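Numbering (this note's numbering), first residue to last: 44 to 447.
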């Protein structure tokens, strides 16, 4: 394999030398000539040794799609493309692009993108490969991509994806999933994850994330992009920064810490511990409170919509702000601090809800049930807040009140 690459590389440089004559560089600049593009379809079958349990992909310069199927081998189908100053140069580059397969201890088969040495991304000549790999769905997958989109679906084992730059889509994975994604700032890149049967771990930045239908726990570290998480059956842990966050229909306990960005917790079923800095927090549980809440907001408002028939004890404190409650609750103030404490429903013996704000206001509202006739055609409640402070009262308009 290496001898063949050397022969092709020698041919390429010989061709390039004849083309440029004595003018100088092998790597001309973009201003010297118009680029010529060429491409070639590829199809390749790769057998998997009996001892191999893990498939490891390394890809650069193109899109990669991995799909699980029931065959015992790997089928690669795709397109190799190249752009250069001449047709001969483009064809020579194409000849040097391939996927190399080799074993690595222990129990791994590596599939690695190989192209002409010495060419940096974004320079001329340039090359790439977009391909789909059909793999046995029961294999463990480790996927590393430098750029281009990555898609993995229909796998019945564990999955690891590390993407340096580009969109990521993961769907229908029966095992645990770990995704690391670093997009390019202001590039609008996305991570989409759906239908995970076990645990999900995400570490992402400079991408917008949408994830749904995780049957296990989910641990998310995310910054510099929108995050929307829906239908999580297990515990959800979120550490965010500079991110608007929306959480929908979370079955397990929520542990949340977000610095700079509004947070909406809509239709959740368990307890919550949250800290939000420089953003608003909206709590809208789906059911009466069954576990303790402990939430703090610094430099923002906190709104709590209490479902009908809830019973709880409440402690509220607002520093440099105000408290408003639609439930009977005595509010007192001392200097710049407002306090409120009381029982909702039966009160004693039921969960404790502690809500604190610093430089913001607290609103405790009745969440009146929505008649079935007003629900959306999709079957959800008409109350589905977006990631904004819509419905919140500005701090300056809040008053410390007690509803008699």
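All C-beta atoms in this analysis are idealised placements derived from N, C-alpha and C, irrespective of residue type, glycine included. All values reported here derive from a predicted model rather than from experimental measurement.
Alpha helix (DSSP H) segment containing residue i, residue limits
{"i": "residue 136", "result": "130 to 138"}
Same chain, Cβ closer than 6 Å to residue i, neighbours up to 5 away in sequence not counted
{"i": "residue 223", "result": "205 and 246"}
{"i": "residue 341", "result": "320 and 401"}
{"i": "residue 120", "result": "86 and 175"}
{"i": "residue 236", "result": "213 and 254"}
{"i": "residue 271", "result": "253 and 289"}
{"i": "residue 310", "result": "291, 292 and 329"}
{"i": "residue 260", "result": "242, 277 and 278"}
{"i": "residue 280", "result": "262 and 298"}
{"i": "residue 269", "result": "251 and 287"}
{"i": "residue 83", "result": "123 and 137"}
{"i": "residue 300", "result": "282 and 318"}
{"i": "residue 326", "result": "308 and 347"}
{"i": "residue 126", "result": "78, 80 and 169"}
{"i": "residue 294", "result": "276 and 312"}
{"i": "residue 190", "result": "208 and 209"}
{"i": "residue 199", "result": "180, 181 and 217"}
{"i": "residue 296", "result": "278, 313 and 314"}
{"i": "residue 391", "result": "none"}
{"i": "residue 13", "result": "Nothing in the structure corresponds to residue 13, since the chain is present only between 44 and 447."}
{"i": "residue 264", "result": "246 and 282"}
{"i": "residue 406", "result": "346 and 367"}
{"i": "residue 203", "result": "185 and 221"}
Element boundaries [beta strand (DSSP E), containing residue i]
{"i": "residue 145", "result": "141 to 147"}
{"i": "residue 286", "result": "Segment: none, residue 286 is in no beta strand (DSSP E) and carries neither H nor E."}
{"i": "residue 196", "result": "193 to 198"}
{"i": "residue 450", "result": "With the chain running from 44 to 447 in the structure shown, residue 450 is simply not present."}
{"i": "residue 269", "result": "That residue, residue 269, is in no beta strand (DSSP E); it is neither H nor E in DSSP."}
{"i": "residue 29", "result": "Residue 29 lies beyond the residue range present for the chain, which begins at 44 and ends at 447; the question has no answer from this structure."}
{"i": "residue 249", "result": "Element bounds for residue 249: n/a, residue is neither H nor E."}
{"i": "residue 224", "result": "220 to 225"}
{"i": "residue 399", "result": "395 to 401"}
{"i": "residue 324", "result": "324 to 327"}
{"i": "residue 120", "result": "117 to 127"}
{"i": "residue 180", "result": "Looking at the DSSP string, residue 180 is not in any beta strand (DSSP E), and its letter there is neither H nor E."}
{"i": "residue 77", "result": "From DSSP, residue 77 is part of no beta strand (DSSP E); its letter is neither H nor E."}
{"i": "residue 316", "result": "315 to 320"}
{"i": "residue 382", "result": "380 to 387"}
{"i": "residue 331", "result": "Run containing residue 331: none; DSSP gives neither H nor E here."}
{"i": "residue 348", "result": "345 to 350"}
{"i": "residue 236", "result": "233 to 239"}
{"i": "residue 151", "result": "151 to 157"}
{"i": "residue 205", "result": "202 to 206"}
{"i": "residue 409", "result": "405 to 410"}
{"i": "residue 368", "result": "366 to 368"}
{"i": "residue 339", "result": "336 to 341"}
{"i": "residue 482", "result": "As displayed, the chain neither begins before 44 nor continues past 447, which places residue 482 out of reach and without an answer."}
{"i": "residue 309", "result": "306 to 309"}
Residue i versus the options, residue with shortest Cα-Cα distance
{"i": "residue 102", "options": "176, 128, 78 and 151", "result": "176"}
{"i": "residue 380", "options": "130, 370 and 365", "result": "365"}
{"i": "residue 256", "options": "143, 286, 242 and 248", "result": "242"}
{"i": "residue 201", "options": "326, 219, 98 and 318", "result": "219"}
{"i": "residue 350", "options": "409, 232, 84 and 82", "result": "409"}
{"i": "residue 150", "options": "91, 126 and 302", "result": "91"}
{"i": "residue 258", "options": "249, 233, 215 and 248", "result": "215"}
{"i": "residue 267", "options": "295, 302, 178 and 240", "result": "302"}
{"i": "residue 304", "options": "324, 313 and 294", "result": "324"}
{"i": "residue 362", "options": "372, 143, 377 and 368", "result": "377"}
{"i": "residue 343", "options": "314, 187 and 404", "result": "404"}
{"i": "residue 273", "options": "265, 238 and 284", "result": "238"}
{"i": "residue 322", "options": "285, 372 and 131", "result": "285"}
{"i": "residue 335", "options": "395, 184 and 131", "result": "395"}
Residues near residue i in its chain [Cβ-Cβ closer than 8 Å; skip 5 each side]
{"i": "residue 88", "result": "116, 117, 118 and 119"}
{"i": "residue 164", "result": "The predicted position of residue 164 is uncertain, since its pLDDT is 49 and thus under 50; a value taken from the coordinates is nonetheless stated next. So the list reads 103, 104, 189 and 190, once near-sequence residues are dropped."}
{"i": "residue 231", "result": "251"}
{"i": "residue 411", "result": "351"}
{"i": "residue 369", "result": "407, 408, 409 and 446"}
{"i": "residue 183", "result": "96, 97, 98, 200, 201, 202 and 218"}
Close beta carbons around residue i, own chain, < 7 Å, minus the five adjacent residues each side
{"i": "residue 386", "result": "356"}
{"i": "residue 74", "result": "Residue placement at residue 74 cannot be trusted, given a pLDDT of 44 that sits under 50; what the coordinates show is reported in the next sentence. Closer than 7 Å at the Cβ level, and outside the excluded window around residue 74, lies no residue."}
{"i": "residue 337", "result": "316 and 397"}
{"i": "residue 158", "result": "104, 139, 140 and 170"}
{"i": "residue 389", "result": "354"}
8 Å contact criterion, which residue i and residue j should meet: CB distance rounded
{"i": "residue 383", "j": "residue 359", "result": "4 Å"}
{"i": "residue 234", "j": "residue 152", "result": "Actually they do not touch by this definition, with Cβ atoms about 26 Å apart."}
{"i": "residue 98", "j": "residue 211", "result": "Not a contact, Cβ separation roughly 18 Å."}
{"i": "residue 353", "j": "residue 332", "result": "5 Å"}
{"i": "residue 100", "j": "residue 187", "result": "7 Å"}
Cβ of residue i within 8 Å of any chain D Cβ
{"i": "residue 232", "result": "Given the protein chain composition of this structure (a single chain), no chain D is represented."}
Inset, instruction - Report yes or no: do the region 99 to 112 and the region 179 to 194 share at least 3 C-beta pairs separated by less than 8 Å? - result: yes
Legend entry - Any 3 or more C-beta pairs closer than 8 Å across the region 211 to 226 and the region 124 to 143: no
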